[in-house]
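Going by the numbering used here, 1579 is the number at position 210 of the sequence shown; the sequence numbering is gapless. Don't be surprised by glycine CBs; every beta carbon is placed ideally from N, CA and C.
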Amino acid sequence: MAESLLGSEDGFLTDGDDIFISKKDVKDYHGNMDHVRYLTWFEKILVPPKSVLVLDQAPYHRKRVEGTLMPNMAWLKQKIVDWVIQRDIPLPDGIESFNKLTKSSLIELAKSKPVKPKFIVEKLAEESNKDIKKLWLPPAHCEFNPIELIWAIVKGYIAKHNPGNNLNGIYDLSKKAVSNITPEMWKNCVHHSIKYENKMWERDRLMDNFLDSPTTNSMTPIIIPIRENDSSDSEYYTESDDLESEDGDLEFFDS
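This is the structure in structure tokens:
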């Protein structure tokens, strides 16, 4: 089962869902989504003006606009040659043809005319003329995205009402689970994530103060052992903080 949905403190975006049963058998739900389906869905949904889209680093979010990719070693050599020629990059002294160069040499040449990366989802947001901003989450930090808490609730409902993990009827269960999510639940999850983000900012500030301290060099180094079962998400998902509700700006969080 895979789902694409947008939500904010006002709840899920009306008519913005794409729920389907995937034919792939993967452990990570991101593997069930491809950029074609995701971008087709994204192009159809009606995101309100002046929204902020919060996106993680999933590959289907980061499909590049054609022409904004820099050459890399995975490219065919002729494709790199064509890229260099199209951008009027001059031949190095003593070289008769770009084809005489190795791929690595061509890639070094390409760096003289860097291309700013642009993602299709950003292009679609700009073309909507709705002043939609994008906020990219740092890699491997799903705890900053409140929709992860929403998915935990949805998956918990499905597991409870489909204990045999039977695929039959799971689509209807998913629709029901999503419909059970209220705006108040969304608001609580959003502000829980904001509270966690503020906590991380405070830790970042404390670290800066520590590193800037004139006595730092004379202090005993702090060694933090890494255990096998440590994970970046464990602390967040075992937080006992209440999901408090406060007023805030409208943001849409993407799965």
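> Can you tell which of D1379, F1381 and F1411 has the C-alpha that lies nearest to the C-alpha of E1496?
Replying inline: Translated into positions along the sequence shown, residue 1496 becomes position 127. Residue F1411 is the option with its Cα nearest to E1496.
> Whole-angstrom Cβ separation of Y1407 and S1377, contact assumed at under 8 Å?
Replying inline: Reading the sequence shown from its first residue, position 38 is the one you call residue 1407. Reading the sequence shown from its first residue, position 8 is the one you call residue 1377. Actually they do not touch by this definition, with Cβ atoms about 19 Å apart.
> Considering only the beta carbon of each residue, do V1423 and L1504 sit closer than 9 Å?
Replying inline: Counting from one through the sequence shown, the residue named residue 1423 turns up at place 54. Counting from one through the sequence shown, the residue named residue 1504 turns up at place 135. Yes, the Cβ-Cβ distance between V1423 and L1504 is below 9 Å.
> DSSP on G1376, reduced to helix/strand/coil?
Replying inline: Here the question's residue 1376 lines up with position 7 in the sequence shown. In the structure shown, the three-state DSSP call for G1376 is strand.
> Taking just the CA atoms, how far does F1513 sit from P1486?
Replying inline: As a working mapping, residue 1486 is identified with position 117 in the sequence shown. As a working mapping, residue 1513 is identified with position 144 in the sequence shown. Spanning the two alpha carbons is a distance of roughly 24 Å.
>> L1518 and N1531 - do their beta-carbons sit closer together than 9 Å?
In response: The residue labelled residue 1531 in the question sits at position 162 within the sequence shown. The residue labelled residue 1518 in the question sits at position 149 within the sequence shown. No, they are not a contact pair.
> In its own chain, which residues sit with a C-beta less than 7 Å from the C-beta of K1432, not counting the 5 before and 5 after it?
Replying inline: As a working note, residue 1432 is residue 63 in the sequence shown. H1404, L1408, F1488 and I1489.
>> Going by DSSP in three states, W1505 sits in which element: helix, strand or coil?
In response: As a working note, residue 1505 is residue 136 in the sequence shown. W1505: strand per DSSP, three-state reduction.
>> Using the three-state DSSP reduction, which class does V1421 fall into: helix, strand or coil?
In response: In the sequence shown, counting from the first residue as 1, residue 1421 sits at position 52. Strand at V1421.
> Does the Cβ of I1449 have 16 or more other Cβ atoms within 10 Å, making it buried, or fewer, making it exposed?
Replying inline: For the purposes of this step, residue 1449 is taken as the residue at position 80 of the sequence shown. Buried, since its Cβ has 16 or more Cβ neighbours within 10 Å.
>> Could you give the first and the last residue of the continuous alpha helix (DSSP H) run that contains N1578?
In response: Within the sequence shown, the letter at position 209 stands for residue 1578. Per DSSP, N1578 belongs to the alpha helix (DSSP H) from P1552 to D1581.
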